[in-house]
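Take numbering that gives the first Met the number 0: the final residue in the sequence shown is number 145, and no numbers are missing along the way.
Note that the Cβ used here is the ideal one computed from N, Cα and C, for glycine as well.
First up is the structure itself, then whatever we jot down about it.
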Amino acid sequence: MYDCPFTLFIMSSSLHLNSASIDWLFWECLIETNGISIDRPYGTAHPEYPHIIYPLDYGYINNTTGLDGMEVDIFVGSANNGLVAMIFTNDYRRGDQEFKLIYNCTPPEIYCVNGFINYDRTLMEGKLLVRYPLHTLWRRENLFPR
């Protein structure tokens with residue numbers, strides 16, 4: 000069982016996050032080694048807030064413990080580009096802070112996760128941290144905004 004380092008808790012509170020602060024390869028290896036379980040597929044309603052619908056597959060990395068005591072959360076998209084972002088959240092319902100990984104997502108899916116997390120800021124707020132500049136992902140995925 001892998002427990003998240005305390006430094007990520009400190010970073011989640013920081014206003015000065017940057018991509019160089021994260022060991023992206025470590026998290027990708029953990030995802031590949033432990034695997035992912037999807038417990039809230041695309042289109043599923045949130046169990047406590049049925050008006051909130053998951054825009055992407057959502058689950059967790061197996062055999063991990065996140066900052067909230069549960070498994071490390073992960074959004075999974077439709078691309079094949081690995082770990083592309085993290086979103087650091089303040090969950091006002093539960094009074095905790097954690098991070099969620101964003102994996103195999105296109106740029107529009109990354110925007111979608113950010114909007115989903117920040118949809119009702121009385122419940123939860125998040126700060127997005129992308130691994131690569133988004134214009135790089137747009138080019139790599141051959142998706143150019145019009």
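- Residue state for residue 113 is assigned as helix, using DSSP reduced to three classes.
- For residue 122, same chain residues with a beta-carbon under 7 Å away, outside a window of 5 residues either side, are 91, 92 in chain order.
- For the pair residue 136 and residue 106, the CB atoms are nearer than the 7 Å cut-off.
- Contact between the segment 17-37 and the segment 72-83 is established, with three or more Cβ pairs separated by less than 8 Å.
- Across the set 115, 140, 126, the C-alpha of 115 shows the shortest separation from the C-alpha of residue 50.
- Look at the segment 67-125 and you find these whole runs of beta strand (DSSP E), each 3 residues long or longer: 72-75, 82-90, 95-102.
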